[in-house]
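Residue numbers (the working numbering): 2 to 326. Every residue, glycine too, gets a C-beta built ideally from N, C-alpha and C. Note that the structure is a prediction, hence the values are computed from the model and not measured. The block underneath contains the structure these notes are about, expressed in structure tokens.
See below:
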């Protein structure tokens with residue numbers, strides 16, 4: 002009965018509140034001390050439905066977000082570690098990691114699958130002192146299927162859905178509305194693989210006032226969507242190389258990019274391109290980088306998740322905050 006998702010033998014589809022009253026108004030931010038580093042849920046509470054219950058009792062839940070700033074409407078999956086509901090942390094804000102997939106990134110986000118063990122790995126790494134207890138936001142990356150190689154680079158391409166604004170404004174706003182988060186950028190990070198690695202890295206370099214760190218696995222280094230044709234100015238404004246140079250010229254703020262690349266990636270340019278980026282921009286002023294080369298590693302999430310725990314998650318966690326009051 003559980004396998005066939007027949008209630009009451011399964012809780013799939015049931016409401017999940019993450020400590021907020023279902024359908025509540027939120028708005029708790031005004032009640033906290035002005036010097037608090039934590040941001041209470043601002044509301045309104047989203048309509049989260051359980052997509053999966055993990056063995057530790059935590060939930061991956063899903064909602065449809067009508068992005069107020071991007072105008073794009075799509076699904077976002079969320080997960081909070083068990084510590085989030087621990088009475089010890091009842092007045093604490095937690096860091097948020099926005100996890101982006103590679104490939105189409107539509108209509109799902111493969112980080113929601115327990116086969117990849119992203120959620121359980123974060124809990125394990127936290128227990129080992131390697132990681133912060135991140136809340137995960139797992140949005141769709143693209144507005145439509147990857148048809149004939151079309152994708153959107155996680156960017157606001159003129160004439161197209163504003164996927165850059167979706168990722169860097171609407172998704173964070175959803176998390177602030179529903180969770181105890183952290184006011185400053187010290188509690189906000191991205192992670193992603195392939196196109197998602199590019200989108201996360203670009204988001205951090207483009208908005209260093211909002212986000213502090215990213216784990217970029219097997220990423221593209223420059224925008225390469227065919228939809229940029231005829232929009233060279235906007236394409237340049239979304240180029241991580243140019244954004245990194247600009248950040249160095251402005252002398253900050255500091256950002257942290259943890260790269261990981263397999264030495265057997267399908268695209269043989271991936272590793273040398275990442276190495277060139279690091280040599281040109283890395284550890285020069287505000288752009289701090291690390292690189293984990295995965296022996297025998299291929300271009301897939303199965304390769305990337307276990308190896309995040311062997312350096313990258315520590316690299317970003319050391320510079321981030323949370324839980325904080």
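Comparing C-alpha positions only, which one of 210, 84, 44 and 275 sits nearest to residue 259?
Of 210, 84, 44 and 275, the residue nearest in Cα terms is 275.
Give the secondary structure of residue 257 by DSSP, where H, G and I count as helix, E and B as strand, and everything else as coil.
Here DSSP, grouped into helix, strand and coil, assigns residue 257 to strand.
Counting C-beta neighbours from all protein chains within 10 Å, is the total for residue 36 16 or more, i.e. buried, or is it exposed?
Counting the other Cβ atoms within 10 Å of the Cβ of residue 36 gives fewer than 16, which makes it exposed.
Per DSSP, which residues does residue 53 bridge with? Please list them.
Answer is 61.
Please identify the residue among 188, 216, 184 and 186 whose C-alpha is closest to the C-alpha of residue 199.
Among 188, 216, 184 and 186, the Cα nearest to that of residue 199 is on 216.
Just grab the DSSP bridge partners of residue 113 for me.
Beta-bridge pairing by DSSP links residue 113 to no other residue.
Residue 16 and residue 79 closer than 7 Å at C-beta
Result no, Cβ atoms of residue 16 and residue 79 do not sit closer than 7 Å.
Could you give the DSSP three-state label for residue 151: helix, strand or coil?
In the structure shown, residue 151 falls within a coil segment according to DSSP collapsed to helix, strand and coil.
For a quick check, are the C-beta atoms of residue 256 and residue 189 less than 7 Å apart?
Going by C-beta atoms, residue 256 is not nearer than 7 Å to residue 189.
Burial state of residue 83, where buried means 16 or more other Cβ atoms lie within 10 Å
Residue 83 is exposed by the Cβ-count criterion.
Exposed unless 16 or more other CB atoms sit within 10 angstroms - verdict on residue 268
It is exposed - the Cβ of residue 268 has fewer than 16 other Cβ atoms within 10 Å.
Here's the rule I'm using: 16 or more other beta-carbon atoms within 10 Å means buried, otherwise exposed. How should residue 296 be labelled?
Exposed, because fewer than 16 other Cβ atoms sit within 10 Å of the Cβ of residue 296.
Smallest Cα separation from residue 45: which of 18, 57, 70 and 55?
Comparing Cα-Cα distances from residue 45 to each of 18, 57, 70 and 55, the minimum goes to 18.
Quick check on residue 326: buried or exposed, where buried means 16 or more other Cβ atoms within 10 Å of its Cβ?
Residue environment: residue 326 is assigned as exposed (fewer than 16 neighbouring CB atoms within 10 Å of its CB, all protein chains considered).
Can you pull the DSSP bridge partners for residue 279?
For residue 279, DSSP assigns no beta-bridge partner whatsoever.
So if DSSP puts residue 183 in a beta bridge, which residue, or which two residues, is it bridged to?
Note: residue 183 sits in a beta bridge opposite 39.
For residue 263, which residues in the same chain have their Cβ closer than 6 Å to its Cβ, ignoring the five residues on either side in sequence?
The residues are 295, 298, 299 and 304.
Classify residue 186: buried if its beta carbon has 16 or more other beta carbons within 10 angstroms, exposed otherwise.
Classification for residue 186: buried.
Proximity to residue 1 [Cα-Cα], best of 211, 310, 157 and 183:
The requested residue 1 is not part of the displayed model; the chain covers only 2 to 326.
Could you give the distance in angstroms between the alpha-carbon of residue 57 and the alpha-carbon of residue 76?
One alpha carbon belongs to residue 57, the other to residue 76, and they sit about 24 Å apart.
Rounded to the nearest angstrom, what separates residue 50 and residue 285 at their Cα positions?
A straight-line Cα-Cα distance of about 45 Å links residue 50 and residue 285.
Which class does residue 119 belong to by DSSP, given the choice of helix, strand or coil?
Three-state DSSP puts residue 119 in a helix.
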